[in-house]
Amino acid sequence: MVLFFTSTSATPPAIIYMGRDKVENEELIRYAWPQDVWFHVDKLSSAHVYLRMPDGVVWESIPEALLIDCAQLVKANSIEGNKKDNLTIIYTPGDNLKKTGDMAVGQVSFHNDKKVFHVAKRENVVVNRLNKTKVERVVDHEQEKVDRIKQESTIRKVAAAEKKKADAELARTREAEKAARSYDTLFNVEEDENVPRKTGRELEEDFM
């Protein structure tokens, strides 16, 4: 079972989720969406909390109010961390999580960078607000992955079709402009050809 929470600190509201135990955490490490952001208490045992990134938001610039929600949820779901103040919460994108065969169940490291967020103390107002939105449900991770890939593929195809259409329209516009310039040049040449040309004698007289 996966626990889902709704954060109203973002507009539109953001989804936060986590597993109930280390076995479920292992599943989430494997199936987390690449763009989801993973949160954990630094150097202590805690829940693995994930933020499903809102559209248009990148992990380097998550709004602070949303970071607070995720960090407070991590702290509240750490047996030891919940009792401590001045905790450090680490977070990183899902595709930066590194799992090797020699790691214990639920244990994870990173390929590259991570960021930290400091929590001075537990804020019950935040935790209670999130807990009121908690929903527990069974997730078919494999099917969810298939659906996500299919949806992302559809979005890419639509974007490619729109770009192709825009490129074709731009090409037609350029061809029309090119044809118009050619027609104007032709018209000017024809006009020049209709102007009576002076003979050599007439030109000499012009300078006399």
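Sequential numbering of the sequence shown, starting at 1448, is according to the working numbering. Where a beta carbon is used, it is the ideal one built from N, C-alpha and C, also for glycine. Predicted, not measured: the structure shown is a model, and the values here were computed from it.
Taking C-beta atoms as the reference points, V1585 and M1465 fail to come closer than 7 angstroms. About 25 angstroms separates the beta carbons of V1505 and L1534, which is beyond the 8 angstroms limit, so they are not a contact pair.
The three-state secondary structure of W1506, taken from DSSP, is helix. When N1559, G1553, D1542 are compared, the shortest CA-CA separation from Q1482 is found for D1542. In the DSSP assignment, the residues bridged to S1556 are K1545. For A1512, the closest alpha carbon among the candidates E1591, T1455, T1580, Q1590 is that of T1455. Taking one beta carbon from each stretch, the region 1539-1555 and the region 1523-1530 have fewer than 3 pairs nearer than 8 angstroms; the two do not touch. As a beta-bridge residue in DSSP terms, K1562 pairs with Y1538. With a cutoff of 7 angstroms on beta-carbon distance, L1577 and L1520 are scored as near each other.
Straight-line measurement puts the Cα of A1461 at about 15 angstroms from the Cα of S1508. Less than 7 angstroms separates the beta-carbon of V1552 from that of E1473. One alpha carbon belongs to E1599, the other to R1628, and they sit about 43 angstroms apart. When DSSP states are grouped into helix, strand and coil, H1495 belongs to the coil group. Counted as a single uninterrupted DSSP element, the beta strand (DSSP E) harbouring A1461 occupies residues 1461-1466. Beta-bridge annotation (DSSP): W1480 is not paired with any residue. Taken through DSSP and simplified to helix, strand or coil, T1601 comes out as helix.
The DSSP-derived three-state label of S1629 is helix. Secondary structure of V1586 (DSSP, three-state): coil.
Here the C-alpha atom of K1625 lies approximately 31 angstroms from the C-alpha atom of K1604.
Rounded to the nearest angstrom, the gap between the Cα atoms of R1477 and K1611 is 36 angstroms.
When D1614, F1486, A1623 are compared, the shortest CA-CA separation from I1463 is found for F1486. Contact check for R1467 and L1491: beta-carbon distance about 18 angstroms, past the 8 angstroms limit, so the pair fails to qualify.
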